[in-house]
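Here the structure is laid out as C-alpha coordinates; the discussion comes afterwards.
In my numbering, the protein residues as written are 18 to 353.
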(Lines of atoms letter the chains of each structure in order from A; the text may use other names.)
(Lines give C-alpha, C1' and ligand atoms only; values in the text may rest on other atoms or scores of the structure.)
Protein backbone atom coordinates (compact mmCIF):
# COMPACT_ATOMS: atom_id res chain seq x y z
CA UNK A 18 0.00 0.00 0.00
CA UNK A 19 1.39 3.41 -0.92
CA UNK A 20 1.97 5.97 1.80
CA UNK A 21 -0.37 8.40 0.09
CA UNK A 22 -3.18 5.87 0.60
CA UNK A 23 -2.36 5.61 4.32
CA UNK A 24 -1.49 9.14 5.35
CA UNK A 25 -4.35 11.45 6.34
CA UNK A 26 -2.76 14.65 5.04
CA UNK A 27 0.47 16.24 3.88
CA UNK A 28 1.46 17.65 7.27
CA UNK A 29 2.45 15.39 10.14
CA UNK A 30 4.20 15.89 13.45
CA UNK A 31 7.75 14.66 14.08
CA UNK A 32 8.35 13.94 17.76
CA UNK A 33 12.16 13.82 18.01
CA UNK A 34 12.18 17.12 19.95
CA UNK A 35 9.82 15.57 22.53
CA UNK A 36 12.72 13.29 23.51
CA UNK A 37 14.44 16.37 24.94
CA UNK A 38 16.56 17.01 21.90
CA UNK A 39 18.98 19.87 22.66
CA UNK A 40 17.18 20.86 25.89
CA UNK A 41 15.14 19.53 28.80
CA UNK A 42 11.50 20.23 27.97
CA UNK A 43 8.96 20.28 30.83
CA UNK A 44 6.37 17.50 30.55
CA UNK A 45 3.52 20.01 30.53
CA UNK A 46 5.03 21.87 27.56
CA UNK A 47 5.64 18.66 25.62
CA UNK A 48 2.12 17.36 26.19
CA UNK A 49 0.58 20.73 25.32
CA UNK A 50 2.49 20.68 22.03
CA UNK A 51 1.01 17.30 21.09
CA UNK A 52 -2.46 18.55 22.05
CA UNK A 53 -1.88 21.62 19.88
CA UNK A 54 -1.01 19.38 16.94
CA UNK A 55 -4.24 17.47 17.49
CA UNK A 56 -6.26 20.69 17.77
CA UNK A 57 -4.73 21.93 14.51
CA UNK A 58 -6.06 18.84 12.77
CA UNK A 59 -2.77 16.95 12.43
CA UNK A 60 -3.45 13.21 12.35
CA UNK A 61 -0.06 11.72 11.43
CA UNK A 62 2.47 11.29 14.22
CA UNK A 63 5.98 9.90 13.86
CA UNK A 64 8.17 8.82 16.76
CA UNK A 65 10.96 6.38 17.71
CA UNK A 66 12.36 4.58 20.77
CA UNK A 67 15.66 6.40 20.15
CA UNK A 68 14.15 9.81 20.85
CA UNK A 69 15.13 10.35 24.46
CA UNK A 70 15.42 6.59 25.16
CA UNK A 71 11.66 6.12 25.03
CA UNK A 72 10.70 9.57 26.33
CA UNK A 73 9.12 10.84 23.09
CA UNK A 74 7.01 7.69 22.74
CA UNK A 75 5.88 7.96 26.36
CA UNK A 76 4.86 11.59 25.97
CA UNK A 77 3.12 11.01 22.67
CA UNK A 78 1.30 8.02 24.13
CA UNK A 79 0.02 10.04 27.06
CA UNK A 80 -1.95 12.21 24.65
CA UNK A 81 -2.83 9.85 21.80
CA UNK A 82 -3.95 7.00 24.04
CA UNK A 83 -6.94 9.19 24.89
CA UNK A 84 -7.88 9.75 21.23
CA UNK A 85 -9.91 7.40 18.98
CA UNK A 86 -7.34 5.03 17.50
CA UNK A 87 -8.92 4.93 14.05
CA UNK A 88 -8.69 8.72 13.75
CA UNK A 89 -4.90 9.02 13.38
CA UNK A 90 -1.90 7.36 11.73
CA UNK A 91 1.05 6.39 13.88
CA UNK A 92 4.59 5.47 12.87
CA UNK A 93 7.58 4.49 14.96
CA UNK A 94 10.91 2.84 14.34
CA UNK A 95 12.98 -0.27 15.08
CA UNK A 96 16.70 -0.69 15.62
CA UNK A 97 16.97 0.45 19.22
CA UNK A 98 15.78 -1.54 22.22
CA UNK A 99 15.42 0.45 25.44
CA UNK A 100 16.45 -1.43 28.58
CA UNK A 101 15.28 -0.91 32.15
CA UNK A 102 18.86 -0.48 33.36
CA UNK A 103 20.42 2.98 33.22
CA UNK A 104 23.39 4.05 31.13
CA UNK A 105 26.52 4.81 33.11
CA UNK A 106 28.98 5.59 30.31
CA UNK A 107 28.70 8.20 27.57
CA UNK A 108 26.61 7.01 24.64
CA UNK A 109 28.37 6.37 21.34
CA UNK A 110 26.13 7.93 18.70
CA UNK A 111 28.51 8.61 15.83
CA UNK A 112 27.97 12.12 14.50
CA UNK A 113 24.98 12.62 16.80
CA UNK A 114 26.75 12.47 20.15
CA UNK A 115 24.93 14.29 22.95
CA UNK A 116 21.76 14.69 20.89
CA UNK A 117 19.44 13.34 23.59
CA UNK A 118 21.57 13.88 26.67
CA UNK A 119 18.51 15.31 28.45
CA UNK A 120 16.34 12.29 27.71
CA UNK A 121 15.70 9.19 29.80
CA UNK A 122 18.87 7.64 31.25
CA UNK A 123 17.95 4.13 30.09
CA UNK A 124 20.50 2.03 28.26
CA UNK A 125 19.97 1.74 24.50
CA UNK A 126 20.85 -1.44 22.59
CA UNK A 127 21.40 -0.87 18.87
CA UNK A 128 20.21 -4.00 17.08
CA UNK A 129 18.29 -4.75 13.86
CA UNK A 130 17.87 -8.54 14.18
CA UNK A 131 14.48 -10.24 13.89
CA UNK A 132 14.29 -10.81 17.64
CA UNK A 133 15.23 -7.22 18.48
CA UNK A 134 12.73 -5.92 15.93
CA UNK A 135 9.86 -7.86 17.48
CA UNK A 136 10.83 -6.79 20.98
CA UNK A 137 11.19 -3.16 19.89
CA UNK A 138 7.65 -3.16 18.47
CA UNK A 139 6.22 -4.74 21.63
CA UNK A 140 7.94 -2.16 23.83
CA UNK A 141 6.83 0.73 21.62
CA UNK A 142 3.19 -0.40 21.82
CA UNK A 143 3.41 -0.31 25.62
CA UNK A 144 5.03 3.14 25.74
CA UNK A 145 2.53 4.50 23.24
CA UNK A 146 -0.45 2.97 24.97
CA UNK A 147 -1.86 1.52 21.77
CA UNK A 148 -2.60 -1.88 20.30
CA UNK A 149 -1.20 -1.31 16.81
CA UNK A 150 1.17 0.65 14.61
CA UNK A 151 0.43 1.80 11.08
CA UNK A 152 3.94 2.31 9.70
CA UNK A 153 7.29 1.05 11.01
CA UNK A 154 10.61 2.48 9.83
CA UNK A 155 13.99 0.74 10.10
CA UNK A 156 15.98 3.42 11.90
CA UNK A 157 19.46 4.80 11.22
CA UNK A 158 21.24 2.00 9.36
CA UNK A 159 23.49 4.61 7.80
CA UNK A 160 26.95 6.18 7.80
CA UNK A 161 26.16 8.99 10.23
CA UNK A 162 25.79 6.57 13.13
CA UNK A 163 28.04 3.69 12.09
CA UNK A 164 30.78 5.04 9.82
CA UNK A 165 32.47 2.29 7.83
CA UNK A 166 30.44 -0.35 9.69
CA UNK A 167 27.13 0.82 8.25
CA UNK A 168 26.98 -1.90 5.59
CA UNK A 169 27.19 -4.60 8.25
CA UNK A 170 24.29 -2.93 10.08
CA UNK A 171 22.38 -2.78 6.83
CA UNK A 172 22.93 -6.51 6.29
CA UNK A 173 21.74 -7.22 9.83
CA UNK A 174 18.58 -5.29 9.07
CA UNK A 175 18.11 -6.90 5.67
CA UNK A 176 18.06 -10.38 7.15
CA UNK A 177 16.28 -9.33 10.31
CA UNK A 178 14.08 -6.23 10.48
CA UNK A 179 13.24 -6.14 6.75
CA UNK A 180 11.87 -9.68 6.81
CA UNK A 181 9.96 -9.26 10.05
CA UNK A 182 8.31 -6.07 8.83
CA UNK A 183 7.48 -7.57 5.44
CA UNK A 184 5.76 -10.46 7.22
CA UNK A 185 3.85 -8.15 9.55
CA UNK A 186 2.69 -6.11 6.55
CA UNK A 187 1.62 -9.21 4.65
CA UNK A 188 -0.29 -10.41 7.72
CA UNK A 189 -2.03 -7.04 8.03
CA UNK A 190 -0.48 -6.29 11.42
CA UNK A 191 1.04 -3.08 10.03
CA UNK A 192 0.06 -1.19 6.90
CA UNK A 193 3.53 -0.28 5.60
CA UNK A 194 7.25 -0.25 6.36
CA UNK A 195 10.40 1.38 5.08
CA UNK A 196 13.65 3.01 6.15
CA UNK A 197 13.97 6.05 8.39
CA UNK A 198 17.43 7.51 7.83
CA UNK A 199 19.45 10.71 7.42
CA UNK A 200 21.37 9.45 4.38
CA UNK A 201 20.25 8.43 0.90
CA UNK A 202 22.55 5.45 0.32
CA UNK A 203 20.75 2.87 2.53
CA UNK A 204 17.48 3.63 0.75
CA UNK A 205 19.11 3.36 -2.67
CA UNK A 206 20.56 0.00 -1.67
CA UNK A 207 17.17 -1.22 -0.46
CA UNK A 208 15.38 -0.12 -3.63
CA UNK A 209 17.94 -2.07 -5.66
CA UNK A 210 17.03 -5.33 -3.90
CA UNK A 211 14.67 -7.84 -5.50
CA UNK A 212 13.10 -8.44 -2.09
CA UNK A 213 11.85 -7.40 0.32
CA UNK A 214 10.40 -4.18 -1.05
CA UNK A 215 9.53 -1.26 1.24
CA UNK A 216 6.40 0.85 0.81
CA UNK A 217 8.16 4.14 1.37
CA UNK A 218 10.89 5.86 3.33
CA UNK A 219 11.41 8.66 5.81
CA UNK A 220 14.34 10.81 4.73
CA UNK A 221 15.41 13.35 7.34
CA UNK A 222 17.29 16.48 6.40
CA UNK A 223 18.14 15.39 2.85
CA UNK A 224 15.30 17.04 0.98
CA UNK A 225 15.28 20.58 2.28
CA UNK A 226 15.96 24.02 0.84
CA UNK A 227 19.51 23.70 2.16
CA UNK A 228 20.29 20.10 1.15
CA UNK A 229 18.58 18.34 -1.76
CA UNK A 230 20.96 17.96 -4.68
CA UNK A 231 22.31 14.57 -3.63
CA UNK A 232 18.83 13.09 -3.19
CA UNK A 233 17.84 14.36 -6.64
CA UNK A 234 20.77 12.63 -8.34
CA UNK A 235 19.88 8.98 -7.72
CA UNK A 236 17.45 8.26 -4.91
CA UNK A 237 14.39 10.21 -5.94
CA UNK A 238 14.43 9.08 -9.59
CA UNK A 239 14.65 5.46 -8.35
CA UNK A 240 11.80 6.01 -5.92
CA UNK A 241 9.64 7.69 -8.54
CA UNK A 242 10.23 4.87 -11.03
CA UNK A 243 9.26 2.25 -8.43
CA UNK A 244 6.28 4.16 -7.06
CA UNK A 245 7.79 4.43 -3.56
CA UNK A 246 6.73 7.43 -1.48
CA UNK A 247 8.82 9.70 0.75
CA UNK A 248 8.03 11.30 4.08
CA UNK A 249 10.27 14.35 4.51
CA UNK A 250 11.74 14.63 7.99
CA UNK A 251 13.67 17.63 9.27
CA UNK A 252 12.32 20.09 6.67
CA UNK A 253 13.80 22.99 8.64
CA UNK A 254 17.30 21.44 8.60
CA UNK A 255 17.46 20.97 12.39
CA UNK A 256 15.93 24.41 12.99
CA UNK A 257 18.07 26.86 11.02
CA UNK A 258 15.21 27.40 8.55
CA UNK A 259 12.76 28.14 11.36
CA UNK A 260 14.70 30.76 13.27
CA UNK A 261 17.00 28.36 15.14
CA UNK A 262 20.77 28.04 15.12
CA UNK A 263 21.23 24.30 14.47
CA UNK A 264 22.03 22.62 11.16
CA UNK A 265 22.56 18.87 10.99
CA UNK A 266 22.03 18.70 14.77
CA UNK A 267 25.03 20.98 15.39
CA UNK A 268 25.63 24.73 15.49
CA UNK A 269 25.28 25.92 11.90
CA UNK A 270 28.57 26.75 10.13
CA UNK A 271 29.15 30.18 8.62
CA UNK A 272 28.41 29.15 5.02
CA UNK A 273 25.00 27.78 6.01
CA UNK A 274 24.17 30.92 8.00
CA UNK A 275 25.11 32.98 4.93
CA UNK A 276 22.89 30.90 2.65
CA UNK A 277 19.96 31.14 5.06
CA UNK A 278 20.47 34.90 5.06
CA UNK A 279 20.05 34.95 1.28
CA UNK A 280 16.92 32.80 1.53
CA UNK A 281 15.44 35.10 4.17
CA UNK A 282 16.17 38.18 2.08
CA UNK A 283 14.33 36.62 -0.84
CA UNK A 284 11.34 35.59 1.27
CA UNK A 285 11.11 39.07 2.78
CA UNK A 286 11.20 40.65 -0.65
CA UNK A 287 8.19 38.57 -1.68
CA UNK A 288 6.38 38.78 1.65
CA UNK A 289 6.69 35.03 2.21
CA UNK A 290 7.51 33.22 5.46
CA UNK A 291 10.63 31.08 5.29
CA UNK A 292 8.71 28.22 6.90
CA UNK A 293 6.23 28.28 4.01
CA UNK A 294 9.08 28.21 1.50
CA UNK A 295 10.72 25.30 3.31
CA UNK A 296 7.61 23.12 3.67
CA UNK A 297 6.23 23.79 0.22
CA UNK A 298 9.59 23.17 -1.42
CA UNK A 299 9.93 19.76 0.28
CA UNK A 300 6.42 18.76 -0.78
CA UNK A 301 6.81 19.85 -4.41
CA UNK A 302 8.61 16.68 -5.44
CA UNK A 303 6.22 14.03 -6.83
CA UNK A 304 7.65 11.40 -4.47
CA UNK A 305 6.91 13.47 -1.34
CA UNK A 306 3.79 12.24 0.46
CA UNK A 307 4.08 14.26 3.67
CA UNK A 308 6.38 16.47 5.70
CA UNK A 309 6.84 16.10 9.46
CA UNK A 310 8.39 19.12 11.17
CA UNK A 311 9.04 18.77 14.88
CA UNK A 312 8.17 21.21 17.63
CA UNK A 313 8.35 21.63 21.39
CA UNK A 314 6.12 24.67 21.79
CA UNK A 315 2.38 24.69 21.04
CA UNK A 316 2.59 27.94 19.08
CA UNK A 317 4.92 26.35 16.54
CA UNK A 318 2.22 23.96 15.37
CA UNK A 319 -0.07 26.79 14.25
CA UNK A 320 2.90 28.31 12.41
CA UNK A 321 3.50 25.04 10.55
CA UNK A 322 -0.14 24.71 9.56
CA UNK A 323 -0.23 28.30 8.35
CA UNK A 324 3.02 27.81 6.42
CA UNK A 325 1.63 24.79 4.59
CA UNK A 326 -1.46 26.74 3.54
CA UNK A 327 0.25 30.07 2.82
CA UNK A 328 -0.03 31.38 -0.71
CA UNK A 329 3.48 31.66 -2.12
CA UNK A 330 3.60 33.60 -5.41
CA UNK A 331 5.05 31.90 -8.45
CA UNK A 332 7.50 34.80 -8.79
CA UNK A 333 9.17 33.74 -5.54
CA UNK A 334 9.98 30.29 -6.89
CA UNK A 335 11.18 31.77 -10.17
CA UNK A 336 13.51 34.13 -8.32
CA UNK A 337 14.67 31.33 -6.03
CA UNK A 338 15.74 29.33 -9.06
CA UNK A 339 17.31 32.34 -10.76
CA UNK A 340 19.35 33.13 -7.64
CA UNK A 341 20.87 29.65 -7.72
CA UNK A 342 19.51 28.84 -4.26
CA UNK A 343 17.98 25.54 -5.41
CA UNK A 344 19.10 22.86 -7.80
CA UNK A 345 18.04 23.29 -11.45
CA UNK A 346 16.65 19.73 -11.19
CA UNK A 347 14.41 20.39 -8.16
CA UNK A 348 10.67 20.45 -8.90
CA UNK A 349 9.11 23.67 -7.62
CA UNK A 350 5.50 24.67 -6.93
CA UNK A 351 3.68 26.31 -9.85
CA UNK A 352 6.14 24.54 -12.19
CA UNK A 353 8.61 27.38 -11.68
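Glycine is no exception: its CB is placed at the ideal position from the N, C-alpha and C atoms.
Selected residue, minimal CA-CA separation from residue i, among the options
i, options, result
"residue 143", "210, 174, 241, 82", "82"
"residue 153", "247, 92, 145", "92"
"residue 76", "116, 103, 31", "31"
"residue 291", "302, 321, 269, 309", "321"
"residue 266", "80, 130, 162", "162"
"residue 63", "46, 78, 185, 234", "78"
"residue 283", "333, 319, 129", "333"
"residue 65", "157, 118, 222", "157"
"residue 47", "343, 335, 311, 336", "311"
"residue 73", "298, 117, 104", "117"
"residue 175", "339, 149, 221, 214", "214"
"residue 128", "102, 148, 94", "94"
"residue 167", "198, 182, 183", "198"
"residue 33", "170, 21, 222, 205", "222"
"residue 172", "131, 28, 189, 234", "131"
"residue 277", "330, 287, 257, 315", "257"
"residue 288", "272, 329, 268", "329"
"residue 302", "319, 253, 246, 260", "246"
"residue 165", "139, 203, 317, 137", "203"
"residue 250", "240, 268, 220", "220"
"residue 18", "244, 314, 179, 96", "244"
"residue 179", "306, 261, 100, 96", "96"
"residue 119", "253, 39, 259, 268", "39"
"residue 20", "286, 263, 248, 260", "248"
"residue 273", "226, 294, 207", "226"
"residue 208", "241, 188, 184, 230", "241"
"residue 100", "88, 87, 136, 85", "136"
"residue 298", "189, 344, 124, 286", "344"
Three-state class that DSSP yields for residue i in the structure shown
i, result
"residue 362", "Here the chain covers residues 18 to 353 and nothing more, so residue 362 does not appear."
"residue 101", "strand"
"residue 119", "coil"
"residue 67", "coil"
"residue 146", "coil"
"residue 333", "helix"
"residue 171", "helix"
"residue 39", "coil"
"residue 348", "coil"
"residue 189", "coil"
"residue 159", "coil"
"residue 340", "coil"
"residue 164", "helix"
"residue 135", "helix"
"residue 19", "coil"
"residue 82", "coil"
"residue 353", "coil"
"residue 46", "helix"
"residue 176", "helix"
"residue 327", "coil"
Inter-residue CB distance, residue i and residue j (contact presumed, cutoff 8 Å)
i, j, result
"residue 324", "residue 296", "5 Å"
"residue 71", "residue 121", "5 Å"
"residue 51", "residue 80", "4 Å"
"residue 228", "residue 191", "30 Å between Cβ atoms; not a contact."
"residue 23", "residue 193", "6 Å"
"residue 181", "residue 134", "5 Å"
"residue 195", "residue 177", "About 15 Å; that fails the 8 Å criterion."
"residue 233", "residue 346", "5 Å"
"residue 236", "residue 205", "5 Å"
"residue 279", "residue 331", "Not really, about 20 Å apart at Cβ, beyond 8 Å."
Strand pairing of residue i, partner residues [DSSP]
i, result
"residue 94", "154"
"residue 125", "99"
"residue 308", "28, 249"
"residue 89", "Residue 89 is not bridged to any residue."
"residue 61", "90"
Enumerate, from N- to C-terminal direction, the unbroken alpha helix (DSSP H) stretches of 4 or more residues contained entirely within the region 191-276. For the region 191-276, the continuous alpha helix (DSSP H) assignments of 4+ residues that do not extend past its boundaries occur at 202-208, 230-234, 236-243, in sequence order.
In chain order, each beta strand (DSSP E) run of at least 3 residues that lies wholly inside the region 280-325: Annotation: the region 280-325 contains the following complete segments of the beta strand (DSSP E) (minimum length 3 residues), in chain order: 305-309.
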